[in-house]
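Going by this note's numbering, the sequence shown opens with residue -14, and the numbers climb by one from there.
For reference, the structure discussed in these notes is given below.
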Amino acid sequence: MKLNGTSAPSKLKYLKYYLLGVADSEGCFCISLKKEPTTRFGFALDPMFHVTQNDAGTDVLELFKQALTCGRVMEKSGQPGTKLFMVDNRRQLVEKVIPFFDKYEPVLKAKDFALFRKIVLGLEEGKHSTLKGFEELARLSFEMNGNGKQRRYSLDQVLETIRARAGSSETIRRTPK
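Okay, here's the thing in structure tokens:
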């Protein structure tokens, strides 16, 4: 399954639609909220696009890597026999992944992509550097992928932490020396 070969999809003019279909069924636009004690608000917003396949589908993942000219294919941690195509570099998400899905729009994952796009571009604009902006991006992330049902921390826990951290940094800045 090479881009310059004749195998599936056999007609290269349909390749990007083929990849869209695979991404729509086996892909994920996700924003992880990772607890990071060294960050301003105690959490980091970590965007990633990935597609999973069993070992037999590794060629499909390589097609993603070739077509998007970014990302990597690797074994999925804790799941032997499962491979993952992943793009977690924000620059590559902005320059390669988002434009691809702007042009070849997801159907099943349209809402998740729209939210993902808004969050990633918000990160690029620096919205996460203010309390209001970070809260907005965190709230949007909880609207994705089943409304955050599989998250380790609830939205309330995240908001409580970032507000407490913002309050303590305000106190530190206002304390006279």
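Glycine included, every Cβ here is placed at the ideal spot set by N, Cα and C.
Treat the numbers as computed from the prediction; the structure is a model and nothing was measured.
Unbroken alpha helix (DSSP H) runs of no fewer than 4 residues, entirely contained in the segment 84 to 159, are found at 95 to 109, 116 to 127, 140 to 159, following chain order. Listed in chain order, the non-local C-beta contacts of Asp87 below 8 Å within the same chain comprise Arg102, local neighbours out to five positions each way being set aside.
In the three-state reduction of the DSSP assignment, Gln64 falls in the coil class, being assigned neither a helical nor a strand state. Around Arg150, the same chain offers Arg25, Phe26, Gly27 as residues with beta carbons nearer than 7 Å, after the five sequence neighbours per side are excluded.
When the five nearest sequence neighbours on each side are left out, the beta carbons in the same chain lying within less than 8 Å of the beta carbon of Ser126 are those of Ile16, Leu18, Leu30, Leu100, Ile104, Gly133, in order along the chain. With fewer than 16 other Cβ atoms from the protein chains shown falling within 10 Å of its own Cβ, Gly152 counts as exposed. Beta bridge pairing from DSSP links Gly56 with no other residue. Segment contact: the segment 40 to 48 against the segment 78 to 85, fewer than three CB-CB distances shorter than 8 Å; contact not assigned.
The C-alpha of Lys112 is placed about 5 Å away from the C-alpha of Gly118. In this structure Asp40 is exposed. Its beta-carbon is surrounded by fewer than 16 other beta-carbon atoms within 10 angstroms. In terms of Cβ geometry, Gly56 and Gln77 form a close pair [threshold 8 Å].
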